[in-house]
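Numbering (the numbering used here), first residue to last: 353 to 1402. To start, the structure under review is shown below, and the notes come after it.
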Amino acid sequence: MFEEVSSQFTFAEKEKQTLAFWRENDIFEKSMEMYKDAPPFVFLEGPPFANAPPGVHHVLARIMKDAVCRYKTMTGHYVHRKAGWDTHGLPVEYQVEKQLNITNKAELEAYGVQNFIEKCKENVFQYEQDWREMTERIGFWVNLNEAYITLSNDYIESVWWVLRQAWDKKLLYQGHKVQPYCYRCGTTLASHEVALGYQEVADPSIFVRFPLKNRERTYLLVWTTTPWTLPSNVAVAVGEEDDYVAVEDNGKTLILAKECLKSLFGDEFPQIVENYKGSDLLNWDYEPLFDSGQHTEKSHYIVSGDFVTTTEGSGLVHIAPAFGQDDYDIGQKHNLPFVQLVGGDGKFVPEVKDVWCGEYVKDADPMIIENLDGRGLLFKATEYTHQYPFCWRCDNPLLYYARESWFIRTTAIRDQMQQHNQEINWYPEHIKDGRFGNWLENNIDWGLSRERYWGTPLPVWICDDCGHQHCVGSIAELKELGRDVPDDIELHRPYVDDVVLNCDKCSGTMHRIQDVIDCWFDSGCAHTAQWHYPFENKELFERAYPADFISEAIDQTRGWFYSLLATGTLLYDKPAYKNCLCLELILASDGQKMSKSRGNTVDPWTILDNQGADAMRWYMFTGSPPWAQRTFQLEGIDEALKKFMGTLQNVYSFFVMYANLEQVDVLEDAPSISERATIDRWILSRLHTLINKVGDDMENYHLTNAPRAIEAFVEDLSNWYVRRSRDRFWGAEAGQDKQAAYATLYEVLVTVAKLAAPFIPFLADELYRNLVVSLDDDAPLSVHLAEFPTADDALIDGTLETDMTFTRDVISMGHAARNRSGIKTRQPLADITLGGLSESEKETINRLSSFVHDELNVKEIVFTEELDTFAQVTLKPNFKVLGPKYGKGVQAIAKALATADTMQLKAELETNGSLEIKASGETYILEESEIDVQTQNREGFFVEVDARKFVALSTELTHELVLEGMARELVNKIQNMRKDADFNVSDRISLCVATSSELVSEAFEVHREYILSETLTTEVVELPGKNAFSLDQKLNGEPAMLSVEQVRVI
RNA sequence: GGGCUUAUAGCUCAGAAGGUUAGAGCGCGCGCCUGAUAAGCGCGAGGUCCCUGGUUCGAUUCCAGGUAAGCCCA
């Protein structure tokens, strides 16, 4: 006996019971334990931040990971699932600053770095409990108790080790990086903060004449919107491929891009005296505008810049390496001097001898413009309105500003990274050579350092005396070199800042530089640092590198996907992962990005509490591919619930209900497959085709196609297999066919449970446990400990599947015709006529005729060749065949066929096997295979026509048919009354039919046996008993009084 | 400004080595069933396959250029 399936339940409630079962029986742990000697499948968890509650996009990522891991487990792999937490970084610092009302570094230092760091530690785990609960509730199996945490000493030590490897390979170096910088807060801003503060402002827009050396009265016309950077100018860039001109203007010769003439001079074009390509101008020298000090490097000449545009400005771009990344890169490339005339306070440094020395740069703009004008170098000064970033905290404009920074020379390993990228399977594929490939191609050195507090400290110490630098690679080394390092040293600021080392070059004192590192580097070391490698867990690490599978959102292309690859390449010269599933963003139902300020976010908990985790999961798997952007529709979850889960649940409860009622032992005496009914063999063939499909899709990370196929299968199972087999499950005599039906449905349900287990782990497990575990003490306790099904190809009968599809198509047309006729299905009809079928299609229908008879309730199936009696027939060329053969002629043939006498041509085709047609002067002989016979609806029949066949109903009713229809009507009414009277389905009744209608009496007489057996009537009485339930009925318009009453079984 | 992606029914999505009647589910309408009831089933109406050019006998599909949306970068 199976456990009764109650109809009073909610999926959400049942899921909680399943969760408890998993917990109490350590199913997750068992699923790893049982495969600990099996081939590993390495999953690497991208660590989330727990300083904000999880949202739906986190659910998406987690269930994708979960489905893959569950599938791999069921296919016999050891899938270790270590969780991780990301903890360091600016977002945390800002949250804490906000909380403490700190607005700049000075206030922070006053508050105390140690206090601040402690607050950060609290902050990062603020929502850990939420994360834990959500993770468990959605059924994401991951071990949170052994999670790696990027703030732990062990983790940091491993990261230090990684940095030391880079250091030893001379890949860690100090340089400059241009960053958005707030002079008031004294800090650089991360890009997402910059994005917070864009405002529209009017800045000066000036065109300046740069006098050329060795060319009288000839000037470069240079555009800038930041006059304050001009004193730091060291070069001018042009586009090599762009066209430039020299023009005469008020006695001066100006050089500018040809395309910019119109915007600068309007319609009064000056005279062009010379044409150049950008490349012609390279290396021309010009006079510095200002005295920017002495440099050893050559400067103030024209260079090439691929970022130069001619759509605005003059096509000549002023280069000041301290104030723009492009400028800085050009400076590096051409070895230009690095001129930095602005201090960290945003003011000109004392070395600037002009009047604006000590002025805040933006205030100096007018003075500089005035100066240039006074010297006759200003061509034009206007205003320029554009989006410019402001500090989101203090609202001051940000300056792009080169700061000293530490870098990893990733450009040195770019080739290897690109090569390793080729070895990674990307889903979707285009990421490889698209977004990720492009990113690698344009790789620049990784700006690693942050002038902040909460992060992995950069372990570089510098000697106060001799400037010697050393990178520490472990705690042991720190203790060895350091003076009085506490035994339990914590590797965070400010604790490590207090550690001073002895310089081994000069015996001076070494202090750590103040920077911490980019938190992306932390998580990028996860493959190594999660094991505290190489200090511990050597074997574990070696077994787990590279990872087989990672999955995160697409925005990690330049984040985690990159940082893993970079560190993996740097350390081991191997890709860090083999398969990467990129997830797209989830938009709110209004098509907008989900954000708290818009108020369009969805709280996963409302879904989990109402519809449940399986429904949410199923919607996310099947709604759209994970790499396609999706709008999150709550209705979609209801649909998943009703459409898929409801259907599966119904088939399951149908099975359990009747298996219990009929006391069938599904494990005994299952007839061999060849002895089962056609429909059994059909559904089993479908099942094994499905097993292959799901396996293939899962191996290829098509996490959408697999469950969609399962859904289509369950639809067929419910709406065709069960619907057409229903009466085999009840009422029927015990015997081989009944046994076959039960065995088949049982096998199908158990297999579906296993196939669906990675996607709907809760419902799948419930089905499995009730269907399998309850009968078999030796069976694994849970579906998640069971083996994933493998297909038996011998059970796949492709012909049967296509035949069934075809038959169902014909039946569907029959339904349409019946619908149109208005005769209800209960009324049997004499025959249907099918036309336009090929010989093999007729055979198919004959083989599967019982389906047509039963479903359409017709006595006979008739085939006809006379299409035009029922449908309008046209002939069309088979374009696919004739197109390549006759080319242009095919259109003429089509025209000729359309205008010719169709029936005559068709007769010709039938007698000769070919036809002759004249089209635009030529005669064509067309074979049968080159012609499509098409049918169209003709009014006035109960006929359903598709492109090439039709189904016609015979609507004439004989007296026999009327009687039979009436008998069915009687059964129907009696059944309804049984239900209304609340009888049990197995109750026997006594029946009274009192009628003045001859038709009803006759039908009852003729079909007495049928009616009695259908309604479980054991006695027919002349007068109803006093407890009988009676109703006056109209049976197809005929009056009758029906009474039913339960019969006591003695 | 650059790179990548997407655009098919009211909504969510399939699909087509280029072939002349483009599919599903939901929603909507009509009907059926009630011995699967969080029901279920059938049928129907909904489409300039984003636009413009090109290639081709034939383009929603291929190519080019746009437009719109999204992400990343500058």
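Even glycine gets a Cβ: it sits at the ideal position worked out from N, Cα and C. Here the structure is a predicted model, which is why all the values come from computation and not from measurement.
With DSSP as the reference, please indicate the residues paired to residue i in a beta bridge.
| i | result |
| --- | --- |
| N854 | T861 |
| R982 | I938 |
| E793 | Looking at the DSSP assignment, E793 forms no beta bridge with any residue, so it has no partner. |
| H1205 | H1205 is not bridged to any residue. |
| E1274 | A1271 |
| K604 | D601 |
| T1185 | V1214 and A1304 |
| A1095 | Paired residues: none, contrary to the question. |
| H822 | W813 |
| M1393 | A1346 and D1384 |
| H1359 | Looking at the DSSP assignment, H1359 forms no beta bridge with any residue, so it has no partner. |
| S1026 | Note: S1026 sits in no beta bridge, so no partner. |
| R561 | L573 |
| Q1398 | I1341 |
| E1371 | S1342 |
Given a cut-off of 9 angstroms, decide if residue j and residue i are closer than it, judged by their beta-carbon atoms.
| i | j | result |
| --- | --- | --- |
| G964 | A364 | yes |
| P673 | A754 | yes |
| G1229 | L1278 | According to the sequence as given, residue 1229 is Pro; it is not Gly. Cβ atoms of P1229 and L1278: closer than 9 angstroms. |
| L1019 | D907 | no |
| K417 | V494 | yes |
| H879 | L916 | yes |
| G729 | L641 | Correcting the residue identity first, residue 729 is Leu in this sequence and not Gly. Contact flag set, yes. |
| A1105 | A1022 | no |
| M1009 | V357 | yes |
| I765 | A918 | yes |
| E381 | G436 | no |
| F901 | V411 | no |
| I1341 | L960 | no |
| R1033 | E1207 | no |
| V574 | V465 | no |
| M1156 | F1222 | no |
Whose C-alpha, out of the options, is nearest the C-alpha of residue i?
| i | options | result |
| --- | --- | --- |
| Q981 | L939, R969, E991 and G988 | L939 |
| L986 | Q882, W957 and F1203 | W957 |
| E1282 | V1295, K1232, E498 and T1275 | K1232 |
| F973 | A1022, E894 and I1062 | I1062 |
| A928 | Q360, Y914, K714 and A1346 | Y914 |
| K366 | F984, E1217, E1118 and Y779 | E1118 |
| G603 | A587, Y571, L922 and S615 | Y571 |
| K930 | E936, T1287 and A896 | A896 |
| E1397 | M719, S1338, D1145 and A1116 | S1338 |
| P977 | N1052, G911, L1387 and A462 | N1052 |
| Y324 | K1194, E722, P400 and E1193 | The chain is shown from 353 up to 1402; residue 324 falls before or after that span and cannot be answered. |
| P583 | Y638, F617 and D643 | D643 |
| L1313 | E664, V1285, A1182 and Y430 | A1182 |
| N505 | I827, Y736 and Q360 | I827 |
| D1149 | L1042, E1321 and E891 | L1042 |
| W636 | P563, F621, N1379 and G683 | P563 |
So residue i and residue j are supposed to be a Cβ contact under 8 angstroms. How far apart are they, rounded?
| i | j | result |
| --- | --- | --- |
| S1126 | F354 | 6 angstroms |
| W813 | H863 | 6 angstroms |
| A413 | A905 | 7 angstroms |
| W806 | I469 | 6 angstroms |
| E593 | G645 | 34 angstroms between Cβ atoms; not a contact. |
| R536 | C746 | 5 angstroms |
At a cut-off of 8 angstroms, would you count residue i as near the ligand SAM, judging by its Cβ distance to the nearest heavy atom?
| i | result |
| --- | --- |
| P583 | As presented, the structure is devoid of all ligands, the ligand SAM included, so that no description of it is given. |
Any chance you could list the beta strand (DSSP E) runs of at least 3 consecutive residues sitting entirely within the region 709-770, in chain order?
Runs of the beta strand (DSSP E) inside the region 709-770: 730-741 and 751-760.
Whole runs of the alpha helix (DSSP H) within the region 437-507, excluding any shorter than 4 residues
442-452, 457-463, 465-476 and 480-489
Output the residue ranges of the beta strand (DSSP E) runs that lie fully inside the region 851-932 and measure 3 residues or longer, sorted by chain position.
861-864 and 899-905
Let me know the alpha helix (DSSP H) ranges lying completely inside the region 1119-1183, each 4 residues or longer, listed in chain order.
When DSSP assignments are scanned along the region 1119-1183, the uninterrupted stretches of alpha helix (DSSP H) that are 4 or more residues long and fall wholly within it turn out to be 1150-1173.
What ranges does the alpha helix (DSSP H) occupy inside the region 596-681, keeping only unbroken runs of at least 4 residues that lie completely in it?
613-617 and 630-633
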